[in-house]
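Position one of the sequence shown corresponds to residue 3 (this note's numbering), numbered consecutively onward. Where is the CB? At the ideal position from N, CA and C, for every residue including glycine.
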Amino acid sequence: MNLQSTKTLANGVDMPILGLGVYKMTDPQETVEAITKALDVGYRAIDTAALYYNEEQVGEAIRHSGVRREDIFVTTKVWNADQGYDNTLRAFEVSLKKLGMDYVDLYLTHWPVEGKYPDTYRAIERLYEEKLIRVPGVSNHHEAHLQEVMKVAQIPPMVNQIEAHPYLSQEPLRAFCAEQGIAFTAWSPLGRGGVLQDETIVNIGEKYGKSAAQVVLRWHIQNDILVIPKSVTPARIEENATIFDFELSNEDIVKINHLNRNQRFGKNPDNFHFDF
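So, in structure tokens, the structure goes:
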């Protein structure tokens with residue numbers, strides 16, 4: 003495996019196993035510089051969303067990167083206030099214009115807004131059928147949400163992006179997604195930094211000569227979890243990508259697996275209350 007390694011999704015599209023998340027990158031110049039650095043290092047996936055208000059910067063950085071558009075996997079998401087069938091189609095047009103692109107690789111329902119998310123996904127399905135997106139998917143969907151979506155979907159979601167890290171390993175949901183052929187992507191794969199002081203992880207890192215962050219990202223990869231760590235710091239962008247020159251032993255994987263405490267650093271999709 004290397005930084006360009008991919009996972010083949012249900013429709014045969016290859017999605018990079020590691021990408022750059024751009025959540026909370028609000029300074030335009032800093033955002034462009036972070037994405038430019040990531041692409042220079044060799045990242046080939048960028049994960050944004052309408053909510054992040056930086057789709058323009060994502061498009062700008064990609065256009066000026068010297069990397070072909072078709073070699074970069076771009077993800078964006080429809081925000082909660084724009085959900086529902088017709089609203090989602092309109093929101094996608096806005097995102098596409100901001101990105102300055104004629105297609106998006108992966109389009110996700112950002113959160114399962116009660117009463118709306120099945121119709122939101124139906125709109126994503128239509129975008130897929132019209133070849134405006136290469137992969138249809140969802141984010142923050144638990145098993146019950148996925149089952150509701152699949153009741154109305156002709157084409158099941160191919161990706162589910164959800165909070166996951168050693169303190170929230172999501173094993174039952176990961177197993178369900180695997181059974182359904184849904185690739186599992188972790189947002190906040192480092193637990194917003196909350197797992198990086200864990201003694202077990204630090205000790206394992208010392209054993210391999212790696213940082214705690216590198217150990218955790220490698221744990222994800224070896225558990226067949228796609229990752230999108232966020233950073234604007236050039237050294238960390240580079241460090242997060244340097245996880246393909248070592249392999250955790252099965253024993254160390256099990257040790258990290260046992261750290262699960264079902265602890266969230268973000269919102270719970272079952273009871274979130276966002277202002278629309």
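Anticipated Cβ contact below 8 Å, residue i with residue j, distance rounded
{"i": "residue 198", "j": "residue 215", "result": "6 Å"}
{"i": "residue 27", "j": "residue 61", "result": "Not quite, the Cβ-Cβ distance comes to about 14 Å (not below 8 Å), so this is no contact."}
{"i": "residue 41", "j": "residue 69", "result": "5 Å"}
{"i": "residue 185", "j": "residue 11", "result": "6 Å"}
{"i": "residue 189", "j": "residue 239", "result": "With 8 Å as the limit, residue 189 and residue 239 do not qualify as a contact, their Cβ atoms being about 17 Å apart."}
Beta carbon of residue i nearer than 8 Å to that of residue j
{"i": "residue 161", "j": "residue 219", "result": "no"}
{"i": "residue 21", "j": "residue 45", "result": "yes"}
{"i": "residue 127", "j": "residue 138", "result": "yes"}
{"i": "residue 76", "j": "residue 37", "result": "no"}
{"i": "residue 24", "j": "residue 153", "result": "no"}
{"i": "residue 51", "j": "residue 112", "result": "yes"}
{"i": "residue 271", "j": "residue 222", "result": "no"}
{"i": "residue 207", "j": "residue 167", "result": "no"}
{"i": "residue 18", "j": "residue 6", "result": "yes"}
{"i": "residue 170", "j": "residue 264", "result": "yes"}
{"i": "residue 115", "j": "residue 149", "result": "no"}
{"i": "residue 210", "j": "residue 246", "result": "no"}
Which of helix, strand or coil DSSP assigns to residue i
{"i": "residue 165", "result": "strand"}
{"i": "residue 73", "result": "helix"}
{"i": "residue 185", "result": "strand"}
{"i": "residue 105", "result": "coil"}
{"i": "residue 48", "result": "strand"}
{"i": "residue 152", "result": "helix"}
{"i": "residue 198", "result": "coil"}
{"i": "residue 247", "result": "coil"}
{"i": "residue 115", "result": "coil"}
{"i": "residue 10", "result": "strand"}
{"i": "residue 97", "result": "helix"}
{"i": "residue 138", "result": "strand"}
Element boundaries [alpha helix (DSSP H), containing residue i]
{"i": "residue 177", "result": "173-182"}
{"i": "residue 257", "result": "252-259"}
{"i": "residue 217", "result": "214-224"}
{"i": "residue 2", "result": "Since the first residue of the chain shown is 3 and the last is 278, residue 2 is not available in this structure."}
Terminal residues of the beta strand (DSSP E) in which residue i lies
{"i": "residue 27", "result": "Counting along the chain, residue 27 falls outside any beta strand (DSSP E), and DSSP gives it neither H nor E."}
{"i": "residue 17", "result": "16-18"}
Item to complete: Could you say if the stretch 152-163 and the stretch 254-268 meet the contact criterion of at least three C-beta pairs nearer than 8 Å?
Response: no
Worksheet item: Does the pairing of the stretch 81-92 with the stretch 118-136 give three or more beta-carbon distances under 8 Å?
Response: yes
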